[in-house]
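Asks: In terms of the working numbering, the sequence shown opens at residue -3 and continues consecutively. No residue lacks a Cβ here, since even glycine has one placed at the ideal position from N, Cα and C. This is the structure I want to talk about, given as structure tokens.
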Amino acid sequence: MADKPFLTDIKTLRQRAREHIAQGAVTPGYKANRETVIKVLNESLATEIVCVLRYRRHHFMASGINATSVAQEFLQHAVEEQGHAD
């Protein structure tokens, strides 16, 4: 076996990888409407971000006798919601 076939295989692998990247993550058998899926995902992300902002606002606005524990609870919820968005 010559040295060239190995190099050719690498070139072939790189070419196939570039083709797959150009095609994207959607396979030919994927039947869902891409625009609808993207819309739903964007709406879900927006909802999570709004929840993060709401909990953070509550965290900073907490006042009163038990403000520290309540503020920490809101901050914990904000961090959890941020994890959903990430």
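Could you say if the segment 71 to 82 and the segment 49 to 62 meet the contact criterion of at least three C-beta pairs nearer than 8 angstroms?
Replies: yes
Asks: N62 to E44, Cα distance in whole Å?
Replies: Their backbone Cα atoms lie some 27 angstroms apart in a straight line.
Asks: Go ahead and label M(-3) buried or exposed: buried means 16 or more other beta carbons lie within 10 angstroms of its beta carbon, across all protein chains shown.
Replies: Note that M(-3) scores a pLDDT of 48, beneath 50, so its modelled location is shaky; the value from the coordinates is reported in the next line. Counting Cβ neighbours within 10 Å, M(-3) comes out exposed, since fewer than 16 surround it.
Asks: Can you name the start and end residues of the alpha helix (DSSP H) that V36 belongs to?
Replies: Counting along the chain, V36 sits inside the alpha helix (DSSP H) bounded by residues R30 to M57.
Asks: Leaving aside the five residues before and after R10 along the sequence, list all residues of the same chain whose C-beta is less than 6 angstroms from its C-beta, in chain order.
Replies: none
Asks: Taking DSSP as the reference, what is the three-state secondary structure of I17?
Replies: helix
Asks: Using three-state DSSP, classify T64 as helix, strand or coil.
Replies: Correct three-state label for T64: helix.
Asks: Measure from the C-beta of V66 to each C-beta in chain B and report whether the shortest distance is under 8 angstroms.
Replies: Among the chains of the structure shown, chain B does not appear; only one protein chain is present.
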